[in-house]
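Take any residue in the sequence shown, note its place counting from 1, add 1, and you have its number in my numbering.
The next block holds one structure in the form of structure tokens; read it before the comments.
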Amino acid sequence: MIAYRHILGVLAMAAFLTTGCANPSSNRSDEVSSFDVPPQVIYRIDDHRFITLENYRDCRHGTTYYNDVRQGIRTKLGTDSVENYQGRLINADPTGRNIVIPSSEPPRRSCPDRGCNIAFIYSTDEGRSFRSGDYYIRNTWKPFLDSANYIVAATTDRIYIARKWGSDDYYVVQYPLAPGIDLRPYRHGEPPRPEVKTTVRGETFSASRRPNYLDGLRTPSGQEYVSCDDSIRPANASK
């Protein structure tokens, strides 16, 4: 079992920028479409909340948006990122306030000498805005494949990030969730973030010691994996 405090040494915002995802500044998109493809719903929370992949050349390279058609919310999430997460994803907050969305890298993207850092984003305001959190995997040379070893879940008051550990166990980080909370650890010398009410670190445990931690958690739609129809390709991809 590795010590979690050693893994938290990387600033999650920098990690998330590495994957191409960042906290959106606006719910409006100014992106010009390059590919003649229809949006795909790649992850559905319920009948009115879902993630779309748009302006894509294939299922690993596009732009993702969080959509809530009931409230008129459309938030850009990132490019070449969310659609590449291969693990299990559960959004189980019945209030709709808390949402978590992990990311990864395309399968053949090369990483620098120190490897790639990958992260997640989370919302405590029903998807209107997202913050970066620490995925607690860093310096991997196989982010696309490694992301399959994760379970990410959001509830009414917390996020779970579970990484497969050994053949039959998971190493779990549990974060509390509340409006205004910041899950990014401070780096030494970083200026204070006055807009943030609370900054926390996660608590850790092994799933073998708390085997029921996910009991009762379910995405309302039943979907727990990102899914994309790779047969849909743009006719103008070579232009």
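Where a beta carbon is used, it is the ideal one built from N, C-alpha and C, also for glycine.
This one's a predicted model, so the numbers in the text were calculated from it and none came from an experiment.
Check	Outcome
CB of glycine 97 within 8 Å of CB of glutamate 127, strictly	yes
Outcome for isoleucine 233 when other beta-carbon atoms lying within 10 angstroms are tallied against a minimum of 16	exposed
Per DSSP, cross-strand counterpart(s) of asparagine 1	Nothing can be reported for residue 1: it is not among the residues displayed for the chain, which extend from 2 to 240.
Alpha helix (DSSP H) segment containing phenylalanine 145, residue limits	144 to 147
When Thr156, Asp147 and Arg129 are compared against serine 104, the one with the closest alpha-carbon	Asp147
Close-in-space but distant-in-sequence residues of the same chain around isoleucine 46 (CB under 7 Å, 5 per side omitted)	Asn92, Thr220, Pro221 and Ser222
Rounded separation between arginine 115 and tyrosine 66 - CA only	30 Å
Beta-carbon proximity of aspartate 170 to serine 124, cut-off 8 Å	no
Short Cβ contact (8 Å threshold) for threonine 205 with valine 153	no
In DSSP terms, what aspartate 81 is bridged to	For aspartate 81, which the question treats as bridged, DSSP gives no partner whatsoever.
Host beta strand (DSSP E) of phenylalanine 51 (start-end)	50 to 59
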